[in-house]
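A short write-up of the structure that comes next.
Residue numbers (this note's numbering): 31 to 93.
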(Lines of atoms letter the chains of each structure in order from A; the text may use other names.)
(Lines give C-alpha, C1' and ligand atoms only; values in the text may rest on other atoms or scores of the structure.)
Protein backbone atom coordinates (compact mmCIF):
# COMPACT_ATOMS: atom_id res chain seq x y z
CA UNK A 31 0.00 0.00 0.00
CA UNK A 32 1.50 3.28 -1.06
CA UNK A 33 1.07 6.55 0.75
CA UNK A 34 -1.48 7.65 -1.86
CA UNK A 35 -3.67 4.59 -1.15
CA UNK A 36 -3.83 5.23 2.59
CA UNK A 37 -7.28 6.33 3.81
CA UNK A 38 -7.59 9.86 5.13
CA UNK A 39 -10.31 11.02 7.52
CA UNK A 40 -11.47 14.37 8.80
CA UNK A 41 -11.50 14.48 12.63
CA UNK A 42 -15.27 13.97 12.85
CA UNK A 43 -15.12 10.93 10.51
CA UNK A 44 -12.43 8.85 12.26
CA UNK A 45 -13.71 5.33 13.10
CA UNK A 46 -13.92 4.41 16.80
CA UNK A 47 -11.09 1.85 16.53
CA UNK A 48 -8.46 4.29 15.18
CA UNK A 49 -6.32 6.55 17.36
CA UNK A 50 -3.29 8.81 16.98
CA UNK A 51 0.03 7.91 18.60
CA UNK A 52 -0.51 10.68 21.15
CA UNK A 53 -3.94 9.35 22.15
CA UNK A 54 -2.60 5.78 22.43
CA UNK A 55 0.17 7.08 24.71
CA UNK A 56 -2.45 8.74 26.92
CA UNK A 57 -4.26 5.38 27.08
CA UNK A 58 -1.04 3.59 28.10
CA UNK A 59 -0.81 1.73 24.78
CA UNK A 60 1.78 1.44 22.05
CA UNK A 61 1.15 0.33 18.45
CA UNK A 62 2.44 -3.07 17.33
CA UNK A 63 2.02 -2.46 13.60
CA UNK A 64 2.23 0.33 11.05
CA UNK A 65 -0.39 3.07 10.83
CA UNK A 66 -3.50 2.22 8.83
CA UNK A 67 -4.81 5.70 7.95
CA UNK A 68 -4.40 9.43 8.55
CA UNK A 69 -6.53 12.09 10.18
CA UNK A 70 -6.29 15.41 8.39
CA UNK A 71 -6.77 18.88 9.85
CA UNK A 72 -7.11 21.10 6.76
CA UNK A 73 -7.14 24.36 8.72
CA UNK A 74 -3.78 23.46 10.31
CA UNK A 75 -2.47 21.87 7.10
CA UNK A 76 -1.47 18.88 9.27
CA UNK A 77 -2.10 15.17 9.17
CA UNK A 78 -1.43 12.54 11.80
CA UNK A 79 -1.02 8.79 11.55
CA UNK A 80 -3.86 6.65 12.86
CA UNK A 81 -3.31 3.22 14.41
CA UNK A 82 -5.82 0.41 14.92
CA UNK A 83 -6.39 -0.12 18.66
CA UNK A 84 -6.55 -3.90 18.07
CA UNK A 85 -2.88 -3.77 17.01
CA UNK A 86 -1.54 -2.36 20.26
CA UNK A 87 -0.07 -3.56 23.54
CA UNK A 88 0.18 -2.07 27.01
CA UNK A 89 3.30 0.05 27.43
CA UNK A 90 5.95 -1.12 29.81
CA UNK A 91 6.00 1.10 32.89
CA UNK A 92 9.48 2.49 33.47
CA UNK A 93 10.36 3.22 37.07
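All C-beta atoms in this analysis are idealised placements derived from N, C-alpha and C, irrespective of residue type, glycine included.
None of these values were measured; they are calculated from a predicted model.
Simplified DSSP assignment, three categories, for residue 64: Here residue 64 corresponds to residue number 34 of the chain shown, with the count starting at 1. In this structure, residue 64 counts as coil in the three-state DSSP scheme.
Cβ neighbours of residue 37 in the same chain (closer than 7 Å, five flanking residues each side left out): For the purposes of this step, residue 37 is taken as residue 7 along the chain shown, with counting starting at 1. Contacts found: 67.
Which one of 90, 89, 91, 64 has the shortest CA to CA distance from residue 82? Reading the chain shown from its first residue, position 52 is the one you call residue 82. Minimum Cα distance to residue 82 is reached at 64.
I'd like the span of the beta strand (DSSP E) that includes residue 87, first residue to last. By 1-based counting over the chain shown, the position of residue 87 is 57. Taken as a continuous stretch (DSSP letters only), the beta strand (DSSP E) holding residue 87 covers 86-88.
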